[in-house]
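Protein chains: 2
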Amino acid sequence: MSKLFFLFIAFLFPIFMLGDNFISNKNLEDGYDMWLRYVKVSNQKLLEEYRDQLSNVILSDDSPIMNSVKKELEMGLNGLLSKTIIFGDKLKEGAVVLGTPKNSFLVASQKFTELSKISGDGYFLKTQKIKGNKVTFIAANTDLGVLYGVFALLRKLQTQQPISNLNVISSPKMELRMVNHWDNIDRSVERGYAGLSLWDWSKLPQHIDKRYVDYARASASIGINAIAINNVNADANFITVEFLEKISVLAEIFRNYGIKIFLSVNYASPVILDNFKTADPMNPTVKKWWIDKVDIIYRKIPDFGGFLVKADSEGQPGPKAYNRNHAEGANMLAEALMPYGGLVLWRAFVYSHTQNDRVREAYDEFVSLDGKFMDNVILQIKNGPLDFMPREPFSPLFGAMPKTNLMIEFQVTQEYLGNANHLLYKAPMFKETLDADTFAKRKASTVAQILEKIVFEYKHSGMTAVINPGTTRNWTGHPFVQSSWYAFGRLAWDYDLASDDIAQEWIKMTFSNNKKVVNTLKEIMNQSVKAAVDYREPLGLTHIGTGSHYGPAPWSKRSRSFHCASKDGLGFDRTSSGSNAVEQYNFPLSSKFEKTKTTPEKYLLWFHHLPWNYKMKSGNNLWEELVTKYYEGVEIVKKMQREFSSLKKEIDINRFNHVSALLEIQLRDAKRWRDSCVLYFQQFSGMPIPEKFEVPEYKLEYYKKIEYKRNDIIIH
Amino acid sequence: MSKLFFLFIAFLFPIFMLGDNFISNKNLEDGYDMWLRYVKVSNQKLLEEYRDQLSNVILSDDSPIMNSVKKELEMGLNGLLSKTIIFGDKLKEGAVVLGTPKNSFLVASQKFTELSKISGDGYFLKTQKIKGNKVTFIAANTDLGVLYGVFALLRKLQTQQPISNLNVISSPKMELRMVNHWDNIDRSVERGYAGLSLWDWSKLPQHIDKRYVDYARASASIGINAIAINNVNADANFITVEFLEKISVLAEIFRNYGIKIFLSVNYASPVILDNFKTADPMNPTVKKWWIDKVDIIYRKIPDFGGFLVKADSEGQPGPKAYNRNHAEGANMLAEALMPYGGLVLWRAFVYSHTQNDRVREAYDEFVSLDGKFMDNVILQIKNGPLDFMPREPFSPLFGAMPKTNLMIEFQVTQEYLGNANHLLYKAPMFKETLDADTFAKRKASTVAQILEKIVFEYKHSGMTAVINPGTTRNWTGHPFVQSSWYAFGRLAWDYDLASDDIAQEWIKMTFSNNKKVVNTLKEIMNQSVKAAVDYREPLGLTHIGTGSHYGPAPWSKRSRSFHCASKDGLGFDRTSSGSNAVEQYNFPLSSKFEKTKTTPEKYLLWFHHLPWNYKMKSGNNLWEELVTKYYEGVEIVKKMQREFSSLKKEIDINRFNHVSALLEIQLRDAKRWRDSCVLYFQQFSGMPIPEKFEVPEYKLEYYKKIEYKRNDIIIH
């Protein structure tokens with residue numbers, strides 16, 4: 001009896017012991033862990049299976065990356081299985097064996113045929129019986145492949161997939177899977193809405209913020225292998241010896257997770273840093289300057305990735321000042337980098353205010369240079385021909401540069417899409433571009449296939465995304481910005497993944513495996529792009545925003561030059577009767593976009609200027625359709641809000657309140673967009689808002705007066 | 001046997017169960033909890049005693065503040081005692097009874113004589129036997145007093161003091177215990193070195209960041225009862241209806257912790273916001289504008305504290321433009337606030353670049369206005385007559401305004417003291433001013449006594465500090481900035497507390513009760529002011545810094561105008577042969593400072609210009625003494641570094657590494673200060689650096705070239 005009582009007490013013990021870490025509300029869910037949220041597996045049956053199937057770990061942590069493998073596995077399994085994982089060399093039931101044929105005798109001895117099927121830093125996960133014991137192998141040809149395999153296994157546990165009979169082979173489709181930070185040297189972030197830059201220069205190289213490591217973990221977990229740490233509007237000081245000292249510390253941390261550092265450079269660096277009179281790429285002293293500079297960089301950072309360059313664009317210096325073209329400009333840097341295997345990522349985002357259609361410019365500028373760039377140059381092209389609008393057709397350059405390495409630049413940052421205040425899941429936007437057929441060479445030549453190097457014979461290629469994580473506790477401000485970041489990485493690894501599947505993964509890893517949560521959030525995320533486009537710029541409209549890119553300003557000079565609203569109608573004529581930007585697309589797209597009836601309605605006003613009474617497929621005239629879209633956009637936000645509020649009991653209070661508050665802001669803003677645009681365009685259409693729709697709350701003048709300031713510093 | 005085995009397993013259970021919150025390295029000690037770190041009491045014997053002595057809690061949470069009392073107690077005791085605290089009404093052994101005579105029958109029925117001995121929001125803690133049960137009372141005349149009592153009790157537990165026989169009575173000595181944020185509307189922070197402003201305007205009023213609550217808790221825990229949330233260089237938009245909506249959310253949170261909100265206002269607000277042609281305080285329309293504005297504010301924030309005003313100072317608008325003096329300017333606002341009990345805090349920090357000694361100006365400007373200010377105006381005076389220098393004598397205004405409410409303004413922010421990079425504990429600096437005798441009226445009239453209202457008959461008074469917590473995880477950047485913040489609050493409550501005792505409290509609450517940790521950190525903190533002064537501006541030197549106030553620049557124009565170095569000697573002559581600022585002090589200080597031999601050497605060059613061969617008390621000449629001080633400053637930093645490194649095993653790895661890295665930076669900077677100043681002054685003294693000292697690493701030219709940019713954005 002007394003023994004039983006004692007037993008009873010012993011069992012209660014864990015309930016009363018809250019542990020040493022019960023501290024204020026610090027331990028609330030705050031989004032810091034993002035998708036690497038290693039909480040105990042909630043499905044008890046699965047948890048027990050996992051514990052049996054992953055009983056001990058066998059690996060050799062004899063390299064920095066294998067050390068990261070060990071640490072991640074330890075953290076992940078300790079958390080997910082809620083037990084202390086044993087590392088050892090005993091090959092028993094439930095052992096996990098990790099390694100490459102080089103660092104693992106067990107991997108080598110199995111003579112896996114999978115090893116020849118994976119490319120690059122691919123990996124395989126395989127359940128195999130050895131001497132009667134069921135063993136899980138995570139193996140690859142490179143240490144980095146093993147790390148990616150570990151994240152794949154942990155993902156299975158986080159999303160509660162069975163692992164009893166694993167047989168997964170996975171290789172990355174893109175060579176470069178990259179992110180671009182637009183971080184300035186003063187820790188401000190261009191289009192940053194989530195605090196200051198992560199890189200705390202004034203405390204480097206001495207102080208290593210733990211965020212650097214967690215950032216590298218998150219990046220590697222989705223396959224990111226390259227990062228440009230600073231703004232393309234580049235401060236030349238980043239390549240001074242003083243800063244390279246600081247940067248080399250970051251490079252070392254990232255190296256342990258298979259990530260190479262690139263730097264954005266200012267093309268006029270020799271002028272700015274060393275008082276040169278010229279930065280002419282043909283000038284031998286300038287060439288020498290860059291050769292010496294590159295040498296210094298590689299001494300500090302032996303695996304340095306290369307330079308990212310925004311030249312002759314929006315006021316940035318470039319080769320044009322010396323009558324040199326972009327190829328000459330890029331090749332000079334490429335020559336300096338070539339001996340070390342470094343790359344030049346040369347941005348194609350150029351435009352002048354003199355031309356009549358910005359959308360034409362990158363193509364007009366670069367197509368004639370095809371074949372002129374060195375092998376270690378990649379032309380980095382934004383997904384659309386304009387500038388990260390809510391919706392754009394793909395850039396025609398993707399089908400037009402068979403002899404020039406290309407990579408694509410997406411934007412995870414919600415520059416034109418509500419900054420860190422609005423809920424958005426961008427995977428469908430990314431997919432829309434990646435899956436677009438360019439009609440280059442043969443019919444099936446999607447943007448993605450070109451970037452995979454299977455259409456043209458590119459030497460290098462890849463995908464990059466502008467991201468803006470900052471010092472905000474949850475990294476991104478709005479927790480759902482994380483979902484686009486996650487999706488970008490997953491798509492760069494494998495663009496064939498479905499948006500929906502990626503969303504599901506992310507939700508399970510970030511929030512919960514609860515079915516209601518998964519289905520509801522998926523529903524919300526899937527509607528989010530349509531909402532964002534419809535309440536802002538439906539039917540192919542663009543650039544209607546304020547100078548801050550946050551609020552609506554259809555009345556502004558820039559907006560008017562893009563939407564071209566008049567009594568006649570609405571839209572930008574890019575057909576042969578207008579700027580003829582349609583000619584930049586390969587046949588049959590060029591003729592499809594030339595005609596209104598064969599132009600997808602989502603791009604209609606991008607390519608055409610149409611009268612207000614133009615008949616749409618729905619039977620509405622253009623005005624009615626436009627108004628309907630604007631109202632639909634707002635209705636979707638209301639729906640998202642309702643759906644989200646149904647999760648009150650299923651989502652932790654902290655993130656529930658946070659997202660709820662942000663949805664309120666989003667609804668306020670969606671209405672402002674809708675009302676501003678509908679009231680403004682009504683002046684030209686002269687037609688009423690159909691009676692079924694609610695009347696805008698205020699007059700146009702009210703909306704014109706709302707102030708939206710720049711960047712994260714938004715006042716409204 | 002099998003039962004015993006089962007028992008054994010049951011006991012092991014807690015070890016294997018790591019809990020649901022084992023997540024990445026998120027749970028490392030990161031300083032977020034500051035001194036409210038409620039970890040389990042490490043002393044097992046004490047822990048058990050505490051558990052017995054605090055068995056259940058009796059209180060009535062029928063007001064917002066009593067609700068905060070309950071939440072804090074729950075959080076604190078659950079954490080410190082590592083058990084779930086039971087709330088109920090059973091008066092048994094170990095009960096804790098909290099309340100006022102109004103909200104607690106038990107408190108009222110005891111007829112405590114203590115209640116008449118405490119003033120304001122004071123409290124008492126008392127152990128009392130009731131019906132044979134030992135009970136702990138935390139009682140006060142106000143709910144806020146009870147909250148302060150709770151923090152006092154938790155502090156005892158955190159610092160491992162016995163609580164078996166409590167008998168503590170404590171009342172605040174200062175009326176206003178205030179902090180000033182220099183936060184801008186765009187979330188930048190003037191002299192902010194710890195991230196962005198805590199106030200996330202673009203997400204208010206919808207989103208309530210949990211930091212707002214934790215900030216209020218930390219403030220209340222040290223007795224802070226007022227806060228000015230925005231920069232004294234004030235954006236007029238803070239008092240628009242739109243912003244008041246946002247601010248009222250903060251006000252509500254702070255109200256729950258007994259903290260009143262003040263706003264810094266722009267004196268030209270009627271001009272800026274409503275296109276008035278004038279902001280003349282005598283203009284009836286202007287008066288009406290402010291009366292209406294104040295009315296709107298009090299409708300949104302019924303307990304609004306009042307306005308903080310920086311007028312006619314460093315470019316800020318003020319009454320002078322209309323030929324009105326400071327009293328006329330302040331009284332106009334005071335009249336508008338009077339009906340609601342609001343205050344005007346009028347800053348005395350004024351200077352023009354035309355005068356020959358800035359140190360004289362505040363006194364010259366304000367003394368003649370004594371008695372001219374309304375009863376609800378307080379003149380807010382910086383601790384010294386210049387500007388938060390590492391060391392200044394107290395401002396002579398403190399002894400010179402018997403008929404004007406005064407309050408003091410300290411700076412916790414390390415504007416001139418290494419920003420968030422250097423370790424500093426400012427309590428000894430605060431005490432130096434507070435304990436200074438002004439010789440007003442009678443001999444014992446210290447600055448603190450004047451602020452306590454026991455020297456003159458002030459209506460209002462208090463202490464304020466400029467603080468700069470921001471979005472950085474640990475609030476302050478350098479973890480030790482927290483210690484000055486903590487000490488400021490404790491001294492505002494009771495200026496008689498010893499620096500050393502406050503340091504000890506803070507260390508125990510923030511780091512550990514381990515004796516080695518306590519003694520070593522205390523030693524480090526106690527040396528820190530001497531170090532900071534000695535390697536920067538010893539012997540009363542001032543304003544030697546760069547424009548950013550971070551690095552040394554004795555060669556700059558401003559510096560030269562303050563240190564006055566020449567072949568003749570060094571220092572600013574403020575005696576009757578110079579600017580005669582000494583005359584502003586009451587006798588006998590005026591004559592004491594007039595003469596070199598009776599001037600404390602720590603202020604020597606503040607008051608005197610002396611030849612390089614002037615004989616110091618040590619026997620050194622001035623040059624030797626100066627050099628010795630500079631070298632001593634650096635030696636202390638080396639010592640601090642050595643001492644801190646001895647705690648490697650006693651302090652958690654995260655904070656240990658952080659502080660270690662920052663000490664490295666501090667040593668680098670201390671050497672730069674020393675070498676820059678010694679080499680620069682040597683040009684005038686013409687004397688060698690004594691041989692016993694190491695030779696500066698670089699020539700003067702090297703130090704001149706180091707770039708120090710503004711604010712948190714420091715590059716070096």
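Chains A and B, in that order, give the protein sequences. Take the first sequence: its position 660, counted from the start at 1, is 660 in full-length UniProt numbering, and no numbers get skipped. Take the second sequence: its position 242, counted from the start at 1, is 242 in full-length UniProt numbering, and no numbers get skipped. Just so you know, even glycine gets a beta-carbon here, dropped at the ideal spot from N, CA and C. Please read all numbers here as calculations on a predicted model, not as lab measurements.
Close-in-space but distant-in-sequence residues of the same chain around residue i (CB under 6 Å, 5 per side omitted)
i              : result
T433 (chain B) : N383, F394 and V447
F87 (chain A)  : V57
L345 (chain A) : L308, I378 and Q380
L521 (chain B) : I507
G489 (chain A) : I222, G223 and I224
S269 (chain A) : A236
P205 (chain B) : E245, K246 and V249
C-beta contact flag for residue i and residue j at 8 Å
i                     : j              : result
K443 (chain A)        : D435 (chain A) : no
R655 (chain A)        : F607 (chain A) : no
T142 (chain A)        : T113 (chain A) : no
V286 (chain A)        : L337 (chain A) : no
F439 (chain A)        : L589 (chain A) : yes
D534 (chain B)        : Y630 (chain B) : yes
D675 (chain A)        : Y698 (chain A) : yes
K310 (chain B)        : F262 (chain B) : no
I297 (chain B)        : I239 (chain B) : yes
residue 719 (chain A) : A139 (chain A) : Residue 719 (chain A) is absent from the structure shown; chain A starts at 1 and stops at 716.
Y32 (chain B)         : R473 (chain B) : yes
Contact belief for residue i with residue j at Cβ below 8 Å, rounded distance in angstroms
i              : j              : result
N133 (chain B) : A95 (chain B)  : 7 Å
W485 (chain A) : I467 (chain A) : 6 Å
E365 (chain A) : F388 (chain A) : Incorrect: roughly 19 Å between the Cβ atoms, too far for contact.
V627 (chain A) : A531 (chain A) : So it is not a contact: roughly 16 Å between Cβ atoms.
Strand pairing of residue i, partner residues [DSSP]
i              : result
I86 (chain B)  : B:N56
L417 (chain A) : L417 (chain A) is not bridged to any residue.
P552 (chain A) : A:G545
D274 (chain A) : None, per the DSSP bridge assignment.
A465 (chain A) : A:V179 and A:F410
Proximal residues to residue i (C-beta, below 7 Å), its chain only, five neighbours per side dropped
i              : result
T471 (chain A) : G195, L196 and L198
E452 (chain A) : K173 and M174
Helix, strand or coil at residue i [DSSP, three-state]
i              : result
H207 (chain A) : coil
N299 (chain B) : First, the residue type needs correcting, since residue 299 (chain B) is Arg and not Asn in the sequence shown. Correct three-state label for R299 (chain B): helix.
T136 (chain B) : strand
K459 (chain B) : coil
K45 (chain B)  : helix
K699 (chain A) : coil
M429 (chain A) : helix
G342 (chain B) : coil
Contacting residues, own chain, Cβ-Cβ under 8 Å from residue i (five flanking each side not counted)
i              : result
Y702 (chain A) : none
L610 (chain A) : G569, L570, G571, T596, L604 and L622
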